[in-house]
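**Q** Following the working numbering, the numbering of the sequence shown begins with 2 at its first residue and continues without gaps. Glycine is no exception: its CB is placed at the ideal position from the N, C-alpha and C atoms. I'd like to ask some things about the structure below.
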Amino acid sequence: MGLLPPDPRGARGGGAARPGLRPPRVLRAGFEGAPRGPRGARARSERRRAVKEEMGGARRVRVHDITRPLAAETAPWPGDVSFTLQWKETIRGGGLVNLSSISTSPHVGTHVDAPIHVRDGEPGAGELDLEPFLGPARVVLVGLGADGLVRPAALRGLDLARPPRILLRTDSCPSSLEWNPRFAALAPETADLLVRAGAILVGIDTPGIDPPDSRDLAVHRRLADGAVRWIEGLDLSRVQPGVYELIALPLLIPGGDASPVRAVLIER
């Protein structure tokens, strides 16, 4: 970044401007460019009022972080690579900066699965369209069948296409530190229902949308075939059912089978 030119007004407290230079113009953010006179005053007044209304609305916005921590203590899938953070350089150790490296399975914590996870030749995390992960979403507190699955009856009466993002709160995995081998998942018929209804994304507060003992990953495959994206490992424990704005973007990992996300819900 270059140095600022000398103040053409001279030293502090005044002074003649140098020939050919105009005094700097002071701009007020959001109000510059309005014409002078009565019309300009009215325009500036309207802009100020709009800014105040916007700021007032911003104060009423509440952000819910629905992400599980990406930490060494976060339980991975059995046999998968857990998250580790290793310090390569530290200031305390004489380094110029604190510098680390991380190693993890992308399926630890809150993450998006890409279709390539279950089908060769399908898009990876870096090739996913971002629209499903950004926009209105409905949080649904669902009941479970006797087998621990979310069955179509749990979604009866809901318009699954408005909004087309459905986040399922099962409360079956309250802790990120312990692996629950009986976590709740979707029944294959529920995946079919979401596809038929026009949903574009489904999220769940468990490590997977299929049961942990699944051998065919039927829910994964049916959602992938129906162009429905999914997020696993959400933390919805402190979020009430309702409609929110979702932001949960996958990282740009070309060809990746999954990606961690920082997921938030915006309540207005």
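Should P153 and E190 be called a contact, given that it needs their Cβ atoms to be closer than 8 angstroms?
**A** Yes.
**Q** Does G31 pass the burial test, meaning 16 or more other C-beta atoms within 10 Å, or should it be called exposed?
**A** A caution first: G31 carries a pLDDT of 44, below 50, which makes its placement in the model unreliable, though a value can still be read off. Exposed, because fewer than 16 other Cβ atoms sit within 10 Å of the Cβ of G31.
**Q** Is the stretch 97-116 touching the stretch 139-150 in the sense that three or more CB pairs, one from each, lie closer than 8 angstroms?
**A** Output reads no: the stretch 97-116 does not touch the stretch 139-150.
**Q** What are the boundary residues of the alpha helix (DSSP H) that includes V196?
**A** Here the alpha helix (DSSP H) through V196 covers 189-198.
**Q** How long is the line joining the alpha carbons of R166 and I205, rounded to whole angstroms?
**A** In a straight line, the C-alpha of R166 is about 11 angstroms away from that of I205.
**Q** Where do the ends of the beta strand (DSSP E) carrying H112 lie?
**A** First-last of the beta strand (DSSP E) with H112: 112-114.
**Q** Taking 8 angstroms as the threshold, find out whether the stretch 193-201 comes into contact with the stretch 76-86 through three or more Cβ pairs.
**A** Flag = no, the stretch 193-201 and the stretch 76-86 do not touch.
**Q** Under DSSP, the beta strand (DSSP E) around L266 begins and ends at which residues?
**A** Here the beta strand (DSSP E) through L266 covers 265-268.
**Q** Please report the distance separating the alpha-carbon of D193 from that of P255.
**A** Distance between the alpha carbons of D193 and P255: 28 angstroms.
**Q** How big is the Cα-Cα spacing for G136 and L266?
**A** The alpha-carbon atoms of G136 and L266 are separated by roughly 10 angstroms.
**Q** If I follow the unbroken alpha helix (DSSP H) through R157, where does it start and stop?
**A** Run containing R157: none; DSSP gives neither H nor E here.
**Q** In this structure, how does DSSP classify D121 when only helix, strand and coil are distinguished?
**A** In this structure, D121 counts as coil in the three-state DSSP scheme.
**Q** Closest to R163 by C-alpha separation, out of P175, E132, R139, N181, would be which residue?
**A** Of the candidates P175, E132, R139, N181, the one whose C-alpha sits nearest the C-alpha of R163 is R139.
**Q** Using only the alpha-carbon positions, how far apart do E123 and R223 sit?
**A** E123 and R223: Cα-Cα distance of roughly 14 angstroms.
**Q** What does the alpha-carbon distance come out to for the pair W231 and V82?
**A** Their backbone Cα atoms lie some 21 angstroms apart in a straight line.
**Q** As a quick exercise: from R216, H112, L161, pick the residue whose alpha carbon is nearest that of R69.
**A** Ranking R216, H112, L161 by Cα distance to R69 puts H112 first.
**Q** If you draw a straight line from the alpha carbon of V262 to that of R43, how long is it in whole angstroms?
**A** Using only the alpha carbons, I get a separation of about 45 angstroms.
**Q** Only counting runs of 3 or more residues, tell me where the beta strand (DSSP E) segments fall wholly within the stretch 202-248, in order along the chain.
**A** Runs found: 202-205, 230-233, 243-248.
**Q** In angstroms, rounded to a whole number, what distance separates the CA positions of S104 and V62?
**A** Those two C-alpha atoms are separated by around 35 angstroms.
**Q** Please classify R170 as buried or exposed, where buried requires at least 16 other C-beta atoms within 10 Å of its C-beta.
**A** Result: buried.
**Q** Among I210, L178, D236, D217, which residue has its Cα nearest to the Cα of A185?
**A** Nearest option by C-alpha distance: I210.
**Q** Are the CB atoms of V109 and L71 within a distance shorter than 8 angstroms?
**A** Yes, these two residues count as a Cβ contact at 8 angstroms.
**Q** Helix, strand or coil: which one does DSSP assign to E132?
**A** It is helical.
**Q** Assuming A134 contacts L252 (C-beta within less than 8 angstroms), just tell me the rounded distance between them.
**A** Before going further, note that residue 134 is Phe rather than Ala in the sequence given. Wrong, their Cβ atoms sit about 11 angstroms apart, outside the cutoff.
**Q** Within its chain, find whatever has a CB closer than 7 angstroms to the CB of P107; leave out the 5 residues flanking it on each side and keep chain order.
**A** So the qualifying residues of the chain are G257, D258, A259, S260, P261.
**Q** When DSSP builds the beta bridges, which residues end up paired with S104?
**A** T85, per the DSSP bridge assignment.
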